[in-house]
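S.K.:
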Amino acid sequence: MRNRRPFALIETHVGGAVRVFLKNGWSVSGALAGVDPYMNILLEEAVLQERENKSEYPYVLVRGSSVLYVVLEAAENGGKGG
Numbered sequence: 303m304r305n306r307r308p309f310a311l312i313e314t315h316v317g318g319a320v321r322v323f324l325k326n327g328w329s330v331s332g333a334l335a336g337v338d339p340y341m342n343i344l345l346e347e348a349v350l351q352e353r354e355n356k357s358e359y360p361y362v363l364v365r366g367s368s369v370l371y372v373v374l375e376a377a378e379n380g381g382k383g384g
């Protein structure tokens with residue numbers, strides 16, 4: 303059965319690496335610490351990429367309304383992180 307709630311799929315990846323692309327053209331990558339049904343996403347050890355500039359933060363909370371799409375990155379061992 304197909305799950306029609308995108309956050310449910312993302313929720314299974316908590317602890318794994320993700321990259322969140324934002325509507326303003328920026329992206330944020332890091333370890334997924336949490337997500338809610340509104341697609342608010344909490345990342346740990348986050349790297350904010352805005353064009354050529356990169357900034358590192360211990361935590362970043364991305365508001366769900368600014369999310370364009372999310373890439374779930376596989377860990378080196380082929381599974382999710384954590």
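Using the working numbering, the first residue of the sequence shown is number 303, and each one after it goes up by one. Note that beta-carbon positions come from the ideal geometry of N, C-alpha and C, so glycine has one too. A quick note: this is a predicted structure, and the numbers were derived from the prediction, not measured.
Tell me the rounded alpha-carbon separation between Ala319 and Val372.
M.R.: Position 17 of the sequence shown, counting from 1, holds the residue named residue 319. Position 70 of the sequence shown, counting from 1, holds the residue named residue 372. The straight-line gap from Cα to Cα measures roughly 11 Å.
S.K.: Among the candidates Val316, Gly317, Glu313, Lys325, whose CA atom is the shortest distance from the CA of Ser367?
M.R.: On the sequence shown, residue 367 is found 65 positions in, with the first residue counted as 1. When only C-alpha atoms are compared, the closest one is Lys325.
S.K.: Based on the DSSP output, what are the partners of Leu374 in its beta bridges?
M.R.: Position 72 of the sequence shown holds residue 374. Per DSSP, Val320.
S.K.: Please confirm whether Ala348 and Val362 have their CB atoms less than 8 Å apart.
M.R.: Taking the first residue of the sequence shown as 1, we reach residue 348 at position 46. Taking the first residue of the sequence shown as 1, we reach residue 362 at position 60. Yes. Within cutoff.
S.K.: Strictly by DSSP, which residues pair up with Ser331?
M.R.: Position 29 of the sequence shown, counted from the start, is the residue given in the question as residue 331. Looking at the DSSP assignment, Ser331 forms a beta bridge with Arg321, Val349.
S.K.: Helix, strand or coil for Glu358 per DSSP?
M.R.: Counting from 1 along the sequence shown, the entry for residue 358 is found at position 56. Glu358: strand per DSSP, three-state reduction.
S.K.: In the DSSP assignment, find the alpha helix (DSSP H) that holds Pro339 and state where it starts and stops.
M.R.: For the purposes of this step, residue 339 is taken as the residue at position 37 of the sequence shown. Segment: none, Pro339 is in no alpha helix (DSSP H) and carries neither H nor E.
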